[in-house]
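This report refers to the structure that appears directly beneath it.
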Amino acid sequence: MSENMNIIDIHPHIISDDEKRYPPAPLFGKRSDWSQERPSTVEALIAAMDKAGVAKAAVVHSSTTYGFDNSYVVDGCNQYKHRLVAVGSVDMLADDVPAVIKGWAGKGLAGLRIFTGGSTKDFDPSELDNPKSFKAWEVCAELGLPMCIQTGPIGLPQVRMLAEKFPKVNIILDHLGRPDVLDGPPYKNARSLFDLADLPNLFMKLTPRIFGDVKKDKASAETFFPRVVQVFGAQRMAWGSNFPTSPGLLSEILATAQDGLACLSAEDRAWIFGKTAQRLYPDLA
Numbered sequence: 001m002s003e004n005m006n007i008i009d010i011h012p013h014i015i016s017d018d019e020k021r022y023p024p025a026p027l028f029g030k031r032s033d034w035s036q037e038r039p040s041t042v043e044a045l046i047a048a049m050d051k052a053g054v055a056k057a058a059v060v061h062s063s064t065t066y067g068f069d070n071s072y073v074v075d076g077c078n079q080y081k082h083r084l085v086a087v088g089s090v091d092m093l094a095d096d097v098p099a100v101i102k103g104w105a106g107k108g109l110a111g112l113r114i115f116t117g118g119s120t121k122d123f124d125p126s127e128l129d130n131p132k133s134f135k136a137w138e139v140c141a142e143l144g145l146p147m148c149i150q151t152g153p154i155g156l157p158q159v160r161m162l163a164e165k166f167p168k169v170n171i172i173l174d175h176l177g178r179p180d181v182l183d184g185p186p187y188k189n190a191r192s193l194f195d196l197a198d199l200p201n202l203f204m205k206l207t208p209r210i211f212g213d214v215k216k217d218k219a220s221a222e223t224f225f226p227r228v229v230q231v232f233g234a235q236r237m238a239w240g241s242n243f244p245t246s247p248g249l250l251s252e253i254l255a256t257a258q259d260g261l262a263c264l265s266a267e268d269r270a271w272i273f274g275k276t277a278q279r280l281y282p283d284l285a
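Going left to right, the sequence shown walks through residues 1 to 285 as UniProt numbering numbers them.
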C-alpha cells in the first residue's frame, strides 16, 4: 500500500446530519438525490479516508444541498485541519462578493467553486463571462485562492477567457470538463478540451465520470490518459473521488482510478494522486 501513503482527494463532499444547525437550502431550489440518499458527515469522510488509505482532502461544498452557505464544509474541515481544507461557493454576481469571499477565507476557506450546472440543472455558462463576477476573480487573485469550475464543453470558451484575464488564479476544471471521449483515439471529439493546453493556470480534475467514460465505445484508459498527460502534463492533473456523490466505497473509487492510471509512469501518478493537489492547496502539503 506504499503508493497510498500520500494520496490526496480534491473532490469529496460532506453533508451534516444536523439539519437544525445546517439547514439545507439548495441552489436552484432542487436538492440533489445523492445528498439525501448517501449523506456523509465529515466524521464519515475521515473514516472512509482511513479505510481507503487517503491521507488528505480538499472537501468541496455541496451547492445542491446548502446553496451559498459554506458553514458546514468550513466547520467540518476546521475540525480536521491537519487533513482537510474547505472549497466553497459564493454568489459570484452579488454586489458584496469581495467581502463575502474575504469573510469565508478568514474562517478557513482554501478555494472556491463555480457550479454552473450538473446533477440538478443544465449547464449555463453565462455566469462565467458576466463582468459582474470579475471582482470575485480579482479577490481570488489577491488571496491566492484557486477556483474550480463545474461546466461542460459548452463553457470552455468562457474558461479560456477567464484563464487569460486572471492569470494569477489557478483554475481547476471539475470532471475534466466532461469531454466526449467515446470516439476513441485520437479523441477528436475532445479537441475543445485539448485546445486549452496553452493555459498554464488551468488544471484538470480526474473524477469517476471520466474513469467510467473511458470504458465505453472506442475509448480506453490506455489510450486516453497518456494523451491527457502528453497535452497538459501530470503536474496539472489531480484526482478527485466525488465521494459520496459517485456510488461506491471511497476505497473502490480510488481503486478504479488507480487501475485506470496504471498505464502512466510512477512519477505521473505521484503528481495526479498527491503532488498537484499540494500545489493547488498548499495547506495540504
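Note that CB positions come from ideal geometry on N, CA and C, so glycine has one too.
Reduced DSSP secondary structure (H/G/I, E/B, other) of D268: D268: helix per DSSP, three-state reduction.
Identity of the residue in T207, K102 and G108 nearest C140 by Cα: K102
Secondary structure of L162, DSSP reduced to three states: helix
Nearest to F225 (by Cα), restricted to the options I154, D268, Y80 and W137: D268
Sub-8 Å separation of V54 and L254 beta-carbons: yes
Local Cβ density within 10 Å of E127, reported as buried at 16 or more and exposed below that: buried
Close Cβ partners of V100 (< 6 Å) along its chain, the five nearest in sequence each way excluded: V90
Beta carbon proximity, T64 to chain C, threshold 8 Å: The chain inventory of the structure shown lacks chain C, comprising one protein chain alone.
F68 (DSSP reduced to helix, strand or coil): coil
Residues that M204 bridges to, as DSSP identifies them: For M204, which the question treats as bridged, DSSP gives the partners L173 and M237.
Which listed residue (V42, D50 and A47) has its alpha carbon closest to that of V60: V42
DSSP three-state assignment for C263, whether helix, strand or coil: coil
Test item: CB-CB of S241 and P39 under 8 Å: no
Straight-line Cα distance separating R236 from M204: A direct Cα-Cα distance of roughly 6 Å separates M204 from R236.
Range of the contiguous alpha helix (DSSP H) that encloses I101: V97 to G106
Environment of H82 [buried if 16+ CB atoms lie within 10 Å]: exposed
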